[in-house]
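Asker: The structure is given below, and queries will be raised subsequently.
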Amino acid sequence: MEELITLDKVCLTYHTKESETPVLSDISFTVGKGELMGLVGPSGCGKTTILSLISGIIKPTTGSVFTAGQPPEKCDISGYMLQKDELLPWRTNMGNILLGAEIKKLDKQKIREKAMRLLEKYDLAGVEKHYPSQLSGGMRQRVALIRTLVLAPQIILLDEPFSALDFQTRLQVVGDVYNMLREEGMTAVFVTHDINEAISMCDRVAVLSSKPCRIKKIVSVEALNALPPSKRRLKSEFLELYDEILTTMQSDTE
Ligand SMILES: Nc1ncnc2c1ncn2[C@@H]1O[C@H](COP(=O)(O)OP(=O)(O)OP(=O)(O)O)[C@@H](O)[C@H]1O
Ligand SMILES: [Mg+2]
Numbered sequence: 189m190e191e192l193i194t195l196d197k198v199c200l201t202y203h204t205k206e207s208e209t210p211v212l213s214d215i216s217f218t219v220g221k222g223e224l225m226g227l228v229g230p231s232g233c234g235k236t237t238i239l240s241l242i243s244g245i246i247k248p249t250t251g252s253v254f255t256a257g258q259p260p261e262k263c264d265i266s267g268y269m270l271q272k273d274e275l276l277p278w279r280t281n282m283g284n285i286l287l288g289a290e291i292k293k294l295d296k297q298k299i300r301e302k303a304m305r306l307l308e309k310y311d312l313a314g315v316e317k318h319y320p321s322q323l324s325g326g327m328r329q330r331v332a333l334i335r336t337l338v339l340a341p342q343i344i345l346l347d348e349p350f351s352a353l354d355f356q357t358r359l360q361v362v363g364d365v366y367n368m369l370r371e372e373g374m375t376a377v378f379v380t381h382d383i384n385e386a387i388s389m390c391d392r393v394a395v396l397s398s399k400p401c402r403i404k405k406i407v408s409v410e411a412l413n414a415l416p417p418s419k420r421r422l423k424s425e426f427l428e429l430y431d432e433i434l435t436t437m438q439s440d441t442e
């Protein structure tokens, strides 16, 4: 499998006037093209920092990060999906979807056509004229993902994108977003606090420790890879994986 993301012995230290805080220590992993990689770990351990490194917003103190074989700040191939959908209330949904294209000065007509195709495909036909406030939380998240997809990123970075949604909506949106990522052949890194969600969506899950953040274990979800989230939850392997990840999170050994 072609490697799209590579982190090699990455360390990151935040410096303030008074102190140095090591946040990441010796983080190495790769993500293949089309693969969904999960990151789970305690609050404040460094998950968002890892996404920032992959997107090129920050650079490692030592070690290296590559996306499609290049330093990420040089190739700009990732798109973000965040906890809050960040849709602008005064713009229509289409206006929101076209925002990135406007900023990047891309051909708006082409992007609009692509957006219409995606809205139709993902059960949102007609919402382009409406405003975000007229949509449910789950629909807003799908519009937010389409806004990212129209820019044709090769990598999608998801930072707890479902944590603001109620439980039932969340189950639905996990399934919808999984389908969208798979159908569009996206490579993704998915940060979550929720072990269930990680096993439902991902091909592999990296379990992280904190202070500093290290990789304790990378758990393969291969046994369930062919299934969508709603079917995975019904399998006995699901519970075994849940137990493996939870035990790893709780263990002191690295
Ligand atoms: N700009 C910064 N300067 C100094 N320290 C920072 C900075 N940004 C983050 N940190 C620290 O780095 C650590 C990791 O932060 P990060 O946001 O990556 O954690 P996280 O795993 O995403 O947390 P959460 O689960 O709460 O979202 C935290 O201890 C945080 O306080
Ligand atoms: Mg975070």
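If you read the sequence shown in our numbering, its first letter stands for residue 189, the second for the next number, and so on.
From the three backbone atoms N, C-alpha and C, an ideal C-beta is built for every residue, glycine too.
Can you check whether the CB of Leu-345 is closer than 9 Å to the CB of Ser-243?
Answerer: It is a contact, given that the beta carbons lie within the stated cut-off.
Asker: Assuming Lys-221 contacts Glu-190 (C-beta within less than 8 Å), just tell me the rounded distance between them.
Answerer: That belief holds up - the Cβ atoms of Lys-221 and Glu-190 are roughly 4 Å apart, short of 8 Å.
Asker: Could you compute how far the alpha carbon of Ile-406 sits from the alpha carbon of Arg-300?
Answerer: Rounded to whole angstroms, Ile-406 to Arg-300 spans 39 Å at the Cα level.
Asker: Under 8 Å: does the beta carbon of Glu-274 sit that close to some heavy atom of ligand 2?
Answerer: Result no, Cβ not under 8 Å from ligand 2.
Asker: Got a sec: does ligand 1 put a non-hydrogen atom nearer than 8 Å to the Cβ of Lys-298?
Answerer: Every heavy atom of ligand 1 is 8 Å or more from the Cβ of Lys-298, so no.
Asker: Can you list, in chain order, the residues of its chain whose CB lies under 7 Å from that of Glu-206, leaving out five sequence neighbours each side?
Answerer: None.
Asker: State the start and end residues of the unbroken alpha helix (DSSP H) segment that holds Ala-303.
Answerer: Start and end: 296-309.
Asker: Consult DSSP for Gly-325 and reduce its assignment to one of helix, strand or coil.
Answerer: Helix, per DSSP.
Asker: Does the Cβ-Cβ distance between Pro-416 and Phe-378 come in under 9 Å?
Answerer: Contact: no.
Asker: What are the uninterrupted segments assigned as alpha helix (DSSP H) that are 4 or more residues long and contained completely in the segment 320-405, given in chain order?
Answerer: Complete alpha helix (DSSP H) runs here, min 4: 325-337, 355-371 and 383-389.
Asker: Return yes when the Cβ of Arg-328 is within less than 9 Å of the Cβ of Val-365, no when it is not.
Answerer: Cβ atoms of Val-365 and Arg-328: not closer than 9 Å.
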